[in-house]
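The numbering used here numbers the first residue of the sequence shown as 83 and each following residue consecutively.
Glycine residues also receive a C-beta, built at the ideal position from the N, C-alpha and C atoms.
Encoded as structure tokens, the structure appears first; notes follow it.
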Amino acid sequence: RPEPAPAAVPQRIDVAIVGSGYTGLSAALTLARAGRSVVILESGDLGEIQRVGREGTGLMLLAASPLVLLFVLGSEPVLFIFGSGFAGAGSVLAVLVVGQVFNLVAGPAGNVLMMCGYEPLVRNTLIFSALLSIMLCAMLIPVFGAIGAAWAFSINLAVENMIFVYLAWKKLGVVTVPFLPKGTVQA
């Protein structure tokens, strides 16, 4: 029996779910019942995964930009909201935000790798990341205190996400970073 041709993915969707396992289908059904436009992507749909990942990451960057600017440039007033005990920790917040920007820019690269059968690469990257984190914390916290911990976290998060982006490009041809050239998706 011939396989049916895949339906074209609409240009505008509310939610993209990667994987049609029980959880993915259950989430899709719940969201569709709530009136959301939902598409389910499988590992064979790498071109669509790349498109949705890049567009979603771009939108998240756009949406997060005002908060990033606020937290980096005006972190002290933001922290004052939480009480005087946070006074002077603005630089720590700013450094932590920088690490999260790397996480945001990478998009769903790690998730794409896991969905496409590269769980061992993700596991190995996370093990390396944990060891790097321990090493950075051991080096930076005794010397710099809280700001050292923030730098250790942010450097580790940046390295981990750069590895995921590289592996998604190298193994699958998928580039999830919206301002980098699109990858040539592997068949």
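Sequence-distant partners of Cys219 (beyond 5 residues in either direction) whose C-beta falls short of 6 angstroms from its own C-beta, in its chain, are Ala234. By the neighbour-count definition (other C-beta atoms within 10 Å, threshold 16), Gly165 is an exposed residue.
A check of alpha carbon separations from Met197 across Asp127, Val225, Ser108 and Val120 identifies Asp127 as the nearest.
Ile163 sits in coil when the DSSP states are folded into three classes, being neither helix nor strand. Taking a contact to require three or more Cβ pairs closer than 8 angstroms, the stretch 172-185 and the stretch 200-216 do not qualify as touching. Residue environment for Phe226: exposed (fewer than 16 other C-beta atoms within 10 angstroms of its C-beta). For Val100, the enclosing beta strand (DSSP E) begins and ends at Val97 to Val100.
In this chain, the alpha helix (DSSP H) harbouring Leu152 covers Leu128 to Leu155.
Taking a C-beta distance under 7 angstroms as the contact criterion, Tyr200 and Lys253 qualify as a contact pair.
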